[in-house]
Amino acid sequence: MLPLLHMTKAILLLGCALVLVLGGCAGISGKDDPRPVEEVIDRAEQLIQSKAYAAAAHQYAIVIAKDPAVGRYYLRRAEVLERIDEDKDAFRTYERAMEMVPEDDPDHLQIMHRLALIDANHLYKLDEAEELLQRMPGTSIERYDTAAFLYYQASQYDESLNLLNKALERVRSDDQKALLLYHAALVYLKLEDEKNTFGSLYYSINNAEHLGLIRDIEQLWQEIN
């Protein structure tokens, strides 16, 4: 019996050691990780470059634990999670950001926008998306785009395109333009307007940087081809 007991303890210890390596058991929390934030970010970005998205998301979880009030860390982690279809985890990341990131953070509005879109596009939480819409500045691109997407979901395509065109007049970055054009492509697809569907999608593909948006564009491209 005694050798068997020792063997059982050894197996349990080995199992715990393996879990520790993977981040479980007692584990090292983000705050206890000895690396400075910038070093963890560098490692996460290296993993993204090699398309190791799940591992990169874990690194950004460490970054967030170290500095939980910075909006861009939540945005990047959720973006990576969206790339690998982990929409529920991305949703939880955005929700946590809404709790922890001050409203005067420059990325707070984008967090709200991304949360609204993942609600409306992937999790079908339309009521929550509408609540977030009401909190956005009245003439912001983020509000126009969110409202346009909700109009699209309600099959009100003219209203959707009208708001998307207003947003495109104010666009601030190529990636923002890509998101708006992707949403336009969805509307044109419903209208069976092949020329504008492919035209919008073509320009969206060539401007997109956000990993979640790239995932969505790829899926739409596969659907229409």
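When we follow this note's numbering, the leftmost residue of the sequence shown carries the number 73, and every step to the right adds one.
Every residue gets a Cβ at the ideal spot worked out from N, C-alpha and C, and that includes glycine.
Remark: fewer than three beta-carbon pairs, one from each stretch, lie closer than 8 angstroms, so the segment 254 to 267 and the segment 125 to 134 are not flagged as touching.
In terms of Cβ geometry, L147 and D179 form a close pair [threshold 8 angstroms]. With 16 or more other Cβ atoms from the protein chains shown falling within 10 Å of its own Cβ, E151 counts as buried. Its Cα nearest to that of R207, the residue M184 stands out among M184, I213, F221, I190. Listed in chain order, the non-local C-beta contacts of D288 below 7 angstroms within the same chain comprise Y254, local neighbours out to five positions each way being set aside.
Distances from the CA of G143 to each of T218, V112, A239, E171 were compared; the closest alpha carbon is that of E171.
Approximately 13 angstroms separates the beta-carbon atoms of A239 and L222; this is outside 8 angstroms, ruling out the contact. The Cβ atoms of A257 and T269 sit closer than 8 angstroms to each other. Per DSSP, G143 is one residue of the alpha helix (DSSP H) stretching across 143 to 155. Residue environment: Y196 is assigned as exposed (fewer than 16 neighbouring CB atoms within 10 Å of its CB, all protein chains considered).
Contact annotation: D217 and L252 have beta-carbon atoms nearer than 8 angstroms. Note on Y274: under 16 other CB atoms within 10 angstroms of its CB, so exposed under the neighbour-count rule.
At least 8 angstroms separates the beta-carbon of F163 from that of I136.
For Q248, the three-state secondary structure derived from DSSP is helix.
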